[in-house]
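Below: the structure, in structure tokens.
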Amino acid sequence: MTERELLDRTKKFALRVFKLVGALPRTIQGKAVAAQLIRSGTSVAANYRAACRARSKPEFIAKLGVVEEEADESALWLGLIIETDLLSAGKVKPLLTEAGEIVAIMASSKKTASRLLLRSQIANRKCSEDL
Numbered sequence: 013m014t015e016r017e018l019l020d021r022t023k024k025f026a027l028r029v030f031k032l033v034g035a036l037p038r039t040i041q042g043k044a045v046a047a048q049l050i051r052s053g054t055s056v057a058a059n060y061r062a063a064c065r066a067r068s069k070p071e072f073i074a075k076l077g078v079v080e081e082e083a084d085e086s087a088l089w090l091g092l093i094i095e096t097d098l099l100s101a102g103k104v105k106p107l108l109t110e111a112g113e114i115v116a117i118m119a120s121s122k123k124t125a126s127r128l129l130l131r132s133q134i135a136n137r138k139c140s141e142d143l
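Have a look at this one:
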């Protein structure tokens, strides 16, 4: 996926979280889950956007890690919504699946970026030794 596609996908995820949270019951449990899910779900988009503006490769990798963590936390809250019957599984599962896919994409991207950074550092070291 391209950077633009992931920016759009994470933003759509945040928007879907907003809609789902609006459907939660106004009980103590519903409000508690809503507050946590809205925070983690919107953080996915905000932190991916920040990753795209990173000033260095290590900062980029760190931000991808934050996105991965926030998507995983969102998956936790979505799972709890299903398990506690706050909403029907049919309403929640597509968003839970999307959270899992975002976790996998970010984990893979983080691994690739880390590998490329390591290669770059090794190449720079070899160049320094040749001088």
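Mapped onto our numbering, the consecutive letters of the sequence shown carry residue numbers 13 to 143.
Yeah, the Cβ is synthetic: ideal placement off N, Cα and C, and Gly gets one too.
In the three-state reduction of the DSSP assignment, methionine 118 falls in the helix class, which pools H, G and I. The DSSP-derived three-state label of alanine 66 is coil. If you look at leucine 27, you'll find it in the alpha helix (DSSP H) that goes 15–35. Secondary structure of arginine 61 (DSSP, three-state): helix. Rounded to the nearest whole angstrom, the C-alpha separation of serine 55 and lysine 43 is 18 Å. A Cβ-Cβ distance of about 24 Å is found for the pair tyrosine 60 and leucine 92, leaving them out of contact under the 8 Å criterion.
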